[in-house]
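To start, the structure itself, in structure tokens.
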Amino acid sequence: MSALSKPEEDLQDPGEAQGPVEAQPLGAEVGEAASHLASYHPASSSTPVEALPQEILDEMKANLMKFLLLKYRAKKLTSPAEMLNKVFRDNQEYFPVVFSQALECLQVVFGVEVKEVDPTEHLYVMVPTLGLTCDEMLSDGQGLPKAGLLVLVLSVIMWSGDPAPAEVVWGALSRMGMYVGREHCIFGEPRELLTQVWVREGYLEYRQVPDSDPARYEFLWGPRAYAETSKQQVMAFVLRVRQRALRAFPLLSEEAAREEE
Numbered sequence: 001m002s003a004l005s006k007p008e009e010d011l012q013d014p015g016e017a018q019g020p021v022e023a024q025p026l027g028a029e030v031g032e033a034a035s036h037l038a039s040y041h042p043a044s045s046s047t048p049v050e051a052l053p054q055e056i057l058d059e060m061k062a063n064l065m066k067f068l069l070l071k072y073r074a075k076k077l078t079s080p081a082e083m084l085n086k087v088f089r090d091n092q093e094y095f096p097v098v099f100s101q102a103l104e105c106l107q108v109v110f111g112v113e114v115k116e117v118d119p120t121e122h123l124y125v126m127v128p129t130l131g132l133t134c135d136e137m138l139s140d141g142q143g144l145p146k147a148g149l150l151v152l153v154l155s156v157i158m159w160s161g162d163p164a165p166a167e168v169v170w171g172a173l174s175r176m177g178m179y180v181g182r183e184h185c186i187f188g189e190p191r192e193l194l195t196q197v198w199v200r201e202g203y204l205e206y207r208q209v210p211d212s213d214p215a216r217y218e219f220l221w222g223p224r225a226y227a228e229t230s231k232q233q234v235m236a237f238v239l240r241v242r243q244r245a246l247r248a249f250p251l252l253s254e255e256a257a258r259e260e261e
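Counting with full-length UniProt numbering, you get residues 1 to 261 for the letters of the sequence shown.
Structure follows, in structure tokens:
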């Protein structure tokens, strides 16, 4: 049986299971997102993994991402021993390469970084990229992490001169498989997210260009973005992951994959 078809509780500590109202919707979202992204293979991965069929390796990676994202939402630590027991079981020799690929995908796509907090006990914590707290504001603790997308949008605005014409931002997102008016498999509808949710939270400003007729709009960094990070930090992060991001984001939607074909 595919590990993706196993109940969410099977990827958690028995004592950590959440209530059915909270756990099931998040588990479904995480499982779907992880499945969409499982075929993303970082260019930096060079460890030979040909001994197992690729679909099995992708399944292990999807399950590991699901496990780590659930830990991230629950704000709980984990360890290699726990990951080996919950996810890998009879294929533990593949843990290093799958772990490396899953961590890179989580960082580039979701803006979630995995850091070792106790080298002695080998305990890991999942934290948002650049300390952004946008994921903590998700209603009822639901929804997938969006810090990675926020960093991307902030970088587009920054490189466009801040403010950035709205059409530049929408164009950048469309090249990554996100289209205005179309529900994205991971991030939802981008117009609502950028012009309402992140504006309300203070990460972005969205305004009409003065004296524009017909009306044109532009995006700026919001006060919360300046409070939680800086343009220097965003630039350093984006430059570090740029090539990986270019490989990852086209895989975030079925539409983008079909366009590449």
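Beta carbons are placed, not taken as given, at the ideal position from N, Cα and C, and that holds for glycine.
Could you tell me the distance, in whole angstroms, from the CA atom of residue i to the CA atom of residue j?
| i | j | result |
| --- | --- | --- |
| Leu-52 | Leu-149 | 32 Å |
| Pro-80 | Glu-201 | 35 Å |
| Glu-113 | Leu-106 | 7 Å |
| Phe-156 | Val-234 | Note that residue 156 is Val in the sequence shown here, rather than Phe. Between Val-156 and Val-234, the C-alpha separation is close to 10 Å. |
| Gln-232 | Ala-166 | 22 Å |
| Pro-190 | Thr-120 | 42 Å |
| Leu-152 | Pro-214 | 28 Å |
| Gly-188 | Val-199 | 16 Å |
| Glu-228 | Gln-208 | 25 Å |
| Leu-144 | Phe-110 | 8 Å |
| Gln-92 | Ala-147 | 30 Å |
| Leu-154 | Gln-54 | 35 Å |
| Ile-186 | Asp-118 | 32 Å |
| Leu-69 | Val-108 | 14 Å |
| Met-178 | Glu-192 | 12 Å |
| Met-176 | Ala-102 | 20 Å |
| Val-241 | Gly-131 | 17 Å |
Between the options, which lies nearest to residue i when the distance is taken from Cα to Cα?
| i | options | result |
| --- | --- | --- |
| residue 264 | Cys-185, Tyr-206 and His-184 | Since the first residue shown for the chain is 1 and the last is 261, residue 264 is missing from the structure and cannot be characterised. |
| Leu-57 | Leu-69, Asp-90 and Glu-82 | Asp-90 |
| Pro-210 | Glu-136, Val-109, Phe-187 and Pro-163 | Pro-163 |
| Leu-239 | Glu-136, Leu-103, Met-158 and Ala-102 | Met-158 |
| Val-197 | Glu-136, Gly-131 and Ser-174 | Glu-136 |
Got a sec? Which residues, its chain only, sit under 7 Å from residue i by beta carbon, not counting five neighbours each side?
| i | result |
| --- | --- |
| Lys-71 | Thr-78 and Met-126 |
| Tyr-203 | Cys-134, Leu-150, Gly-222, Arg-224 and Ala-225 |
| Ala-172 | Val-156 |
| Ser-174 | none |
Leaving out the 5 sequence neighbours to the left and right, which residues in its chain are closer than 6 Å to residue i when beta-carbon positions are compared?
| i | result |
| --- | --- |
| Glu-116 | Tyr-124 |
| Ser-230 | none |
| Trp-170 | Val-180 |
| Arg-216 | Val-209 |
Who are the near neighbours of residue i in its chain, counting only those whose CB is closer than 8 Å to its CB and skipping five residues on each side?
| i | result |
| --- | --- |
| Ser-212 | none |
| Phe-95 | Pro-80, Met-83, Leu-84 and Phe-88 |
| Val-168 | Val-156 and Ser-160 |
| Thr-129 | Gln-107, Gly-111, Val-112, Glu-113, Ala-147, Gly-148, Val-151 and Phe-237 |
**Contact the region 116 to 131 vs the region 75 to 88: 3+ CB pairs below 8 Å** = yes
**Minimum length 3: unbroken beta strand (DSSP E) runs contained in the region 91 to 133** = 112 to 118 and 123 to 128
**Request:** State whether the region 172 to 186 contacts the region 217 to 225, with contact taken as three or more CB pairs (one from each stretch) at a distance under 8 Å.
**Result:** no
**Message:** Report the start-end ranges of each alpha helix (DSSP H) in the region 174 to 205 that is 4 residues or longer and not cut off at the edges.
**Reply:** 198 to 201
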